[in-house]
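So the sequence lines, in the order shown, correspond to chains G and E.
So for the first sequence, this note's numbering puts the first residue at 1; every next one is plus one.
So for the second sequence, this note's numbering puts the first residue at 1001; every next one is plus one.
One structure is given below, encoded as structure tokens.
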Amino acid sequence: MCQRTYHRRSIFCILPPYVLSKISQNGTPQQRTKALTTMATDNTLRALRLAQVPLRAPSVLTRGVPVEGQKQRTIYTAYHTAELPGDLIRKEGAPPCGDVAADEAYDALGATHDFYWDIYDRNSIDDEGMHMKATVHFDKDYNNAFWDGQAMVFGDGDGDIFNRFTLSLDVIGHELTHGVVGDEAQLQYFHQSGAVNESVSDIFGSLVKQYLLKQTADKADWLIGAGLLTARIKGVALRSMKAPGTAFDDPLLGKDPQPAHMKNFVRTFEDNGGVHINSGIPNHAFYLAATSLGGHAWEKAGRIWYETLRDKQVRPNCGFQRFAKITLRNATRLYGSNSVEMKAVREAWNQVGIKAS
Amino acid sequence: MRIQFKTEGGLVYLPGLNRPVIIDLADLPLPEAEELQELLTLTRFFELPPRAGKFSAKAADHRQYKITIENAAGDSHTVFLTDVVDDPNLRRLLDFLKKKAAPTAKKK
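Now the structure itself:
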């Protein structure tokens, strides 16, 4: 053991500490000196190792073993090309990489994961700890963010109409929720079922932001994508759940087309049959229910909508009326048939022109 | 030859940006007209299937681009593309049309 002339750390040697201890007591003077030196170095290294444990990455033994509720995020950059997923730029546990969009996406994925885990006990997108992936810097001057069925993709905006899309936590929450919707309800992405899909994504996108800011329903802005439009555009956000149809009114973009009531329902083949237009109606119903109940919107209204999304009665072609009925049934199941919560949900749907009962 | 280019879908519906843009080959500067003509030949546009990009049934908020081309003989062909296109020539054609159709809020 340790026969070489240069110093070897005893922790790399076969000889265990108790043998060194015996040598230090019973060996020749030369053997005792060497044994004591090795033991001193060994003890120092062991102490350092213990002190550094919290700063180290997971050990070889625990790395890769899934732990329930543990985040697994990977961020890629497309370097302004349309190649997906692009090159890895930051993965779980790594410090900020200095790329603003990548670090924003990483943090927002974490905030969304935490929201679903803390509030609804949901373990990532599929409730089975799905790895969360996002690509930033997609394409050149790309004015959009989307869910590609497996991962999120973010453009940087053109700086003229749109700022970078990772600026908006609720938009990132919205995109991830599309993954949750796909996992739970497979709502078809056109006409009313598509608008329900869009609405659920807006609702939980907004709740992710409200949860991070610890806002009560009356303090929340209920905007989707606040700050995404540049100063050149007359508008505050992409959509308003509080006042659908008022988010923007600009010579270039036109006027926010969202209705807040069924009497203004838009029949169109544009936008996959108006999925981002008519979602204003169920969005507003949620806003009315949440503000009527007060407090944190994720606790009661959010719980009712979440349980509805997971309800097997929500079919892929689920329209507004059916979705509303199922929210009412879940409000009754969770809080009672004559509860304040059930009445608030019923009244909210009534106010947007949908008879839920 | 007339090309109608329309952007559909995306995270938000913007009525002002949802109108089709018409590009007439005869109105383009010669280098651009030649480039476009070359891209249409390379992609064999009139032989493309109606959907030529990657589409996922689980995708949401994605964009698609509707390209309709009418040639001098009056033949017309329409192709839908997404943002994720593998064929490099089709990618170049999409980039060319997106650039020509790009709106701007900047004051001229």
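Ideal placement from N, C-alpha and C gives every residue a C-beta, glycine not left out.
Contact check for Ala1059/E and Asp148/G: beta-carbon distance about 5 angstroms, within the 8 angstroms limit, so the pair qualifies.
Contact annotation: in the stretch 1020-1044 of chain E, no residue has its CB less than 8 angstroms from a CB in chain G.
The beta carbon of Thr246/G sits closer than 7 angstroms to the beta carbons of Ser240 and Asp256 from its chain, once the five residues preceding and following it are set aside; these are given in chain order. Closer than 8 angstroms to the CB of Lys1058/E there is at least one CB belonging to chain G.
Beta-bridge pairing by DSSP links Trp147/G to Met152/G and Ala1060/E.
Against chain E, a Cβ distance below 7 angstroms from His261/G picks out nothing, because the smallest value is about 18 angstroms.
As the crow flies, the alpha-carbon of Lys91/G is around 24 angstroms from that of Asp183/G.
According to the DSSP assignment, Arg1092/E belongs to the alpha helix (DSSP H) that extends over Pro1088 to Ala1101. The DSSP-derived three-state label of His131/G is coil. Taking the Cα positions, Asn143/G is about 37 angstroms away from Leu328/G.
Considering only Leu1094/E, Ala1026/E and Glu1034/E, the residue with the shortest C-alpha distance to Ala1052/E is Leu1094/E. By the C-beta density criterion, Pro244/G is buried, having at least 16 other C-beta atoms within 10 angstroms.
For Phe146/G, at least one C-beta of chain E is nearer than 8 angstroms to its own C-beta. In this structure, the beta-carbon distance from Thr1082/E to Gln1064/E falls below 8 angstroms. In its chain, beyond the 5 residues on either side, Ile75, Tyr76, Thr77, Cys97, Asp99, Ala102 and Val136 have a beta carbon closer than 8 angstroms to the beta carbon of Ile89/G. Secondary structure of Asp249/G (DSSP, three-state): strand. Here Gly353/G has His261, Met262 and Lys263 as same chain residues with Cβ atoms under 7 angstroms from its own Cβ, once five neighbours each way along the sequence are excluded. Taking every protein chain shown into account, the CB of Ile1022/E has fewer than 16 other CB atoms within 10 angstroms, so this residue is exposed. The beta carbon of Lys255/G falls within 8 angstroms of a beta carbon belonging to chain E, placing the residue at that interface. Under the Cβ criterion of 8 angstroms, Pro1050/E is not counted among the residues facing chain G. Interface residue (Cβ-Cβ distance to chain E less than 8 angstroms): Leu84/G is classified as such. The beta-carbon of Asn197/G is placed less than 8 angstroms from the nearest beta-carbon of chain E.
A Cβ of chain G is located within less than 8 angstroms of the beta carbon of Ala1105/E.
With 16 or more other Cβ atoms from the protein chains shown falling within 10 Å of its own Cβ, Ala134/G counts as buried.
Counting along the chain, the unbroken beta strand (DSSP E) around Phe1005/E starts and ends at Arg1002 to Gly1009.
Excluding five sequence positions before and after Val180/G, the CB atoms of its chain that fall closer than 6 angstroms to its own CB belong to Ile125, given in chain order. Straight through space, the alpha carbons of Asp249/G and Gly235/G are spaced by roughly 6 angstroms.
Assignment of alpha helix (DSSP H) within the stretch 288-334 of chain G, counting only whole runs of 4 or more residues, yields 301-309 in chain order.
Contact between the stretch 295-302 of chain G and the stretch 210-223 of chain G is established, with three or more Cβ pairs separated by less than 8 angstroms. In terms of CA proximity to Ala231/G, Asp158/G leads the group Val314/G, Asp158/G, Ile172/G and Val200/G.
For Arg90/G, the enclosing beta strand (DSSP E) covers residues Asp87 to Lys91. Nearest CB-CB separation between Arg1063/E and chain G: below the 8 angstroms threshold. In the structure shown, Ser339/G adopts coil according to DSSP, grouped into three states. Residue pairing from DSSP places Ser240/G in a beta bridge opposite Leu223/G.
Cβ proximity to chain E below 7 angstroms picks out Ala82 and Leu84 from the stretch 71-99 of chain G.
Boundaries of the beta strand (DSSP E) around Leu1081/E: Ser1076 to Thr1082.
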